[in-house]
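A short write-up of the structure that comes next.
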Amino acid sequence: MRKTLSVPGLLSLALLLAATAVAGDEGDGKKLDGKKLFKERCKTCHGADAPAGEYTPMFLIQEQWTKFFAEDYATTHKGLTVSATDTTRVLDAITPEMLEAIRAFCHEGAADSEHPMTCG
Ligand code: HEC
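Residue numbering for the sequence shown follows the numbering used here, starting at 560 and increasing by one per position.
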């Protein structure tokens, strides 16, 4: 006899997969907030009238953000420290996970995205 998955069988399989996906999300703990991180970690040097230049997600297009995070950031921010009072290097203060959340936020709000964003 040929075995086929019944419709209820397929449904429960789909539910099982969905449940696994949700559990997976919970697994990696708190999801980092790219917008909040951008404000805390980037806007400090890139607010309006900043000597380093003002940057918000909508200041660049997605391709430029991709290139910036993949290539330029590590070089152009290498010698920088967080602030005059906090001499932690920017590259050390921002973990790869934080940077990824910020990258996603910039990409999502880029000039050519569906919802260009400033940083609020
Ligand atoms: C400690 C200050 C500081 C912090 C923090 C900082 N930047 Fe910068 N950023 C600079 C300086 C200085 C430059 C170089 C400006 C120049 O050479 O004209 C720069 C340049 C840039 C540029 C222009 C492209 C380039 O590579 O030169 C972008 C885009 C940028 N920063 C985005 C960010 C983002 C996103 C963050 C947060 C992850 C961030 N910056 C954090 C100081 C900072």
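Just so you know, even glycine gets a beta-carbon here, dropped at the ideal spot from N, CA and C.
The C-alpha of Asp-608 is placed about 23 angstroms away from the C-alpha of Thr-634. Apart from the 5 residues on each side of it in sequence, Ala-660 sits with its Cβ closer than 6 angstroms to the Cβ of Leu-591, Gly-593 and Leu-596 in its chain, given in chain order. Taking the Cα positions, Lys-626 is about 11 angstroms away from Arg-662. Burial check for Pro-655: the Cβ neighbour count within 10 Å stays below 16, so the residue is exposed. Classified as buried, Ala-669 has 16 or more neighbouring CB atoms from the shown chains inside 10 Å of its CB. For Gly-612, the CB falls within less than 8 angstroms of some heavy atom of ligand 1.
Set against 8 angstroms, the gap from the CB of Thr-647 to the closest heavy atom of ligand 1 is not smaller. Shortest gap from the CB of His-605 to any heavy atom of ligand 1: under 8 angstroms.
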